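> Sending over a structure as C-alpha cells; questions will come in a sec.
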Amino acid sequence: MSQIAINFQDAQKAFLILKTLKKEKISGFLEEMAGQIDAIRDDLIPTAAGESHLPEGRITGELGRTLGQIRLFAALVNEGSWVEATIDHPDPDRKPAPKPDIRRMLKPLGPVVVFGASNFPLAFSTAGGDTVSALAAGCPVIYKAHPAHPETSRMVAEAIKNAVRIKGLPKGTFQHVEGGIDTGQELVAHPLAKAVAFTGSFRGGKALFDACNAREHPIPVYAEMGSVNPIFVLEEYLSERMDAAAAAYAASLSLGVGQFCTNPGLIFIPKSREEAFSTAVADRLKEVAGAPMLHEGICHAYYQAIETLSQSKKLKWLLQPEESDVLTGNVALAKVSASDWLSDAAFQEEVFGPFGILVVYEDDKQLQALAENLKGQLTCTIWGEEAELQNQSALLLLLEEKCGRLLFKGVPTGVEVGHAMQHGGPFPATSDSRSTSVGSYAIKRFARPVAYQDMPESLWPDALKEGNPLGILRKVDGNWVSY
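Residue numbers (UniProt numbering): 1 to 483.
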C-alpha cells in the first residue's frame, strides 16, 4: 500500500470520529491549534521570512491574521448556527397526503486535500484559511506543502499535530505531505478524497479542476486562480482627487512586490485626465525600489511576462524594467487605449508582480464595453463621487456580475477576515464563484446538506432536537427562531 493510501485510510478513520464530536470539542481543538502556533512565533517568524524573502514585519502581521482566522472559526463552531438546522414539522391530517417530519442540517464532506500557496507562507498555507475551515467543518485535512517554504510548513504542521494529540483527536485529523506534481495528482485522484482547496496560478488550479472532474466520482475543487482586480475611475472623482488616487494606486500596485491575488493590475481612467494621472502614477512608482520576490521561479516568470507584453505595439511603456538579478522585482507600468485593450485578450492576463496597465477610455459607452468584456475577477473597484455613482447604475449592476467583492473606496489589496468577506469570484478568478476562501462563510465549502425524514426522535442530532438544546439559530416551519 502506498503512503498516500495510508494517509487516506487514517483520514477516513478520523472522519468517522470527527463527524460525531460535539461542537465544543472541535472549537477547543481550534483554540489549542492557535495557541500551539502562537507558542512558536519566535522561531516561526524568522524562518518564514528567510524562506519567503518577505520582511519580518509582514510575516508578523500575517501570523496575527492566521491566528485570528483560526479563532474566528473556533467561535463560529462554538456558536453552532453555521449548520443551517432546518425543521419542517409533520402534519398527519394534511390532505390529500400527510406531511412528513423533515429535518435538515449541514454535515462534513470527508477528507479534504489542501494545497499550500507560495505568497502567504502562513495565512494561505499549512494552517491557513482552507485548512482551518475544513477542520472546523469536521473534515480531516491532508495538506500538500508548498516547496517554497518547507521548514515553515513543517513547523506549523508539528504545532497542529501537537494540538491534535493534546485534545485527543484521531491522528488522521491532520496530515502533512511533501512532494511534487505527481504527489498532488495522486492525492486528488484518491477515491477517499472528497474535496480539494487550492490557491495559486490559473494553470495549476485548472489542472486540478480538470483532474477532479475526470474522476469516476467527481469532487468539488475550490481553486482560487488569480485576478487582475480592475479599478474603474470616474471623471469627476479624478478631477477632485488626482494626487490621492495616484498615490493610492501606486502604493497598492507595488505592495509586497505585487505578489497579492488582489493586486490591481488594471486601472481604467478617463481620457480627459490621462496625461496628468499617468505622470502622477509613474512619478510615484519611480520612487519604489526593487525588492526580493518570493523565489527565483516567480521572479523569472514575472520578467518573462513583461518581455512577452513588450512585443505588443499597442502598449505604451511608462516604466519598463530590466531583470537586475534572479530575485529582485522592479515595478513596471504601461498604458493602452480602451479600443486596443478590447482587441487583445492578453491584456487581461494576470502578471504576478508589480505591473499595471492604465486603460484610457473615451466616454461612458466605452467604459461599459470595457466592463462587459472583463473576465471574472476576485475584486472590482469603482472610484466615483456619489452623484457620479448614482448615474452609473448599469455599470454597477454589470460589475457585480464580474467579481466577488465590489469596492467603492480604498484599494483591493488587504482582505478583511470576517463573517461578511467574499474572497472568490466568477471563473477564471476561481473555479466556483459561490464560495469564498476567506472569512467564516468558507466553512460551507466542506459541508453538504443532509435531510432526515421521519427519523425516530431518539436519533435526532442535537442541532435538530425539539427544545433546541444547542441554543442555535434555526429555521422552524419557515421562521427563523433561536428557541
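Beta carbons: idealized from backbone N, C-alpha and C, even for Gly. Computed from a predicted model, the values in this text were never measured in an experiment.
Rounded to the nearest angstrom, what separates residue 43 and residue 396 at their Cα positions?
The alpha-carbon atoms of residue 43 and residue 396 are separated by roughly 47 Å.
> Considering only DSSP beta bridges, list what residue 479 is partnered with.
The partner list for residue 479 (beta bridge, DSSP) reads 476.
> Which ranges would you report for the beta strand (DSSP E) in the region 235–316 if only whole runs of at least 3 residues count?
For the region 235–316, whole beta strand (DSSP E) runs of length 3 or above, ordered along the chain, are 266–270.
> Give every residue of the same chain whose Cβ lies closer than 7 Å to the Cβ of residue 170, excluding the five residues on either side of it in the sequence, and list them in chain order.
Answer for residue 170: 13, 14, 17, listed in chain order.
> Consult DSSP for residue 10 and reduce its assignment to one of helix, strand or coil.
Correct three-state label for residue 10: helix.
> Tell me whether the beta-carbon of residue 502 lies closer than 8 Å to the beta-carbon of residue 301.
No information on residue 502 is available, as it lies outside the stretch 1 to 483 that the chain covers here.
> Under DSSP, the beta strand (DSSP E) around residue 383 begins and ends at which residues?
Run containing residue 383: 377–383, per the beta strand (DSSP E) assignment.
> If you reduce the DSSP assignment to three classes, tell me which class residue 206 lands in.
Looking at residue 206 - three-state DSSP - the assignment turns out to be helix.
> What does the alpha-carbon distance come out to for the pair residue 401 and residue 426?
Taking the straight line joining both Cα atoms gives about 8 Å.
> Report yes if the CB atom of residue 445 is closer than 8 Å to the CB atom of residue 125, and no otherwise.
No. Outside cutoff.
> Name the residue from 100, 73, 351, 24 whose alpha carbon lies nearest to the alpha carbon of residue 456.
With distances taken between Cα atoms, residue 456 lies closest to 100.
> Mapping the DSSP letters down to three states, classify residue 185 as helix, strand or coil.
Reduced to three states, the DSSP call for residue 185 is helix.
> Tell me which same chain residues have a C-beta within less than 7 Å of the C-beta of residue 72, skipping the five on either side of it?
Contacts found: 417, 440.
> In whole angstroms, what is the alpha-carbon distance linking residue 189 and residue 212?
C-alpha separation (whole angstroms): 7 Å.
> The beta strand (DSSP E) spanning residue 106 covers which residue range?
That run of the beta strand (DSSP E) goes 102–108.
> Please identify the residue among 482, 62, 239 whose C-alpha is closest to the C-alpha of residue 468.
Selected option, being the one with the closest Cα: 482.
> For residue 345, count neighbouring C-beta atoms within 10 Å of its own C-beta (all shown protein chains included) and say buried if the count is 16 or more, exposed if not.
Residue 345 comes out exposed.
> Whole angstroms are fine: how far does the CA of residue 3 sit from the CA of residue 159?
So the alpha carbons of these two residues sit roughly 22 Å apart.
> Between which two residues does the alpha helix (DSSP H) containing residue 365 stretch?
Where residue 365 is concerned, the enclosing alpha helix (DSSP H) stretches over 364–372.
> What are the uninterrupted segments assigned as alpha helix (DSSP H) that are 4 or more residues long and contained completely in the region 381–416, given in chain order?
List check, alpha helix (DSSP H) in window: 386–390, 393–402.
> To the nearest angstrom, how far is the alpha carbon of residue 103 from that of residue 22?
One C-alpha to the other measures close to 19 Å.
> Excluding five sequence neighbours on each side, which residues of the same chain lie with their C-beta closer than 7 Å to the C-beta of residue 117?
Once the five neighbours on either side are set aside, the close Cβ partners of residue 117 are 124, 125, 146, 199, 200.
> Assuming contact is defined by CB atoms lying nearer than 8 Å, are residue 290 and residue 429 in contact in what I supplied?
Contact: no.
> Check this for me: beta carbons of residue 70 and residue 148, under 8 Å apart or not?
In this structure, residue 148 does not lie closer than 8 Å to residue 70 by Cβ.
> Would you please state the rounded distance, in angstroms, between the beta carbons of residue 354 and residue 257? I believe it to be under 8 Å.
Their Cβ separation, rounded to whole angstroms, is 6 Å, which keeps residue 354 and residue 257 in contact under 8 Å.
> Within 10 angstroms of the Cβ of residue 144, are there 16 or more other Cβ atoms? Answer buried if so, exposed if not.
With 16 or more other Cβ atoms within 10 Å, it is buried.
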